[in-house]
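Following: one structure in structure tokens, then a few remarks.
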């Protein structure tokens, strides 16, 4: 690391600590030539992700576009901008964790919807209306019905229950908390 004062390449690390929510390491250094102290940051170098748009165009993933979309969808829902930044970081980390470097914009949109659903139904519907290009009230009604009755949909594997109660051998024998109560 070059000294910011004399450009000498030898320095020693005085202190290291985590920074930016664990996304980087902050190091305090001292130049061995002039004793000037300076700070450096070490970050993971991400391989760029290419997004394939609906029209076939390719562009680099832009986290700020994701944050803007989240902010628009979450206006007046009570979700803080800090929470949305964290959500964008989580989504980007999931994308970086994939082995493919090119993704369809639809994959990103579905991932956002998956994260928004438990946070705010209003934000979910707002984001879905833009992302899925709702054409009329029927699209809104279908989405609202899906939100109300997610288990009635059979085509969406993400909304199916993790197990079938009828296939569990002891599912019928379980007692409800009310039936287990002893009279006082």
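Residue numbers (this note's numbering): -10 to 173. Just so it is clear, CB atoms sit at the ideal spot from N, CA and C, and this is done for glycine as well.
- DSSP assignment within the stretch 13 to 54 yields the following whole beta strand (DSSP E) runs of 3 residues or more, N-terminal first: 13 to 20, 26 to 32, 39 to 41 and 47 to 49.
- Boundaries of the alpha helix (DSSP H) harbouring residue 94: 94 to 108, taken from the DSSP string.
- As the crow flies, the alpha-carbon of residue 87 is around 29 Å from that of residue 111.
- Apart from sequence neighbours up to five positions away, the residues of its chain that approach residue 70 with a beta-carbon distance below 8 Å are 60, ordered along the chain.
- Pairing residue 62 with residue 105 gives a Cβ-Cβ distance under 8 Å.
- Shown here, residue 89 sits in coil according to DSSP, grouped into three states, outside any helix or strand.
- For residue 9, the secondary structure class from DSSP, reduced to helix, strand or coil, is coil.
- The continuous alpha helix (DSSP H) containing residue 135 extends over residues 126 to 137.
- Distance check between residue 12 and each of -3, 135, 35 and 26 places 35 closest, using alpha-carbon atoms only.
- Two segments are said to touch when three or more pairs of C-beta atoms, one from each, lie closer than 8 Å; by this definition the stretch 132 to 139 touches the stretch 114 to 123.
- Secondary structure at residue 78: helix, using DSSP grouped into helix, strand and coil.
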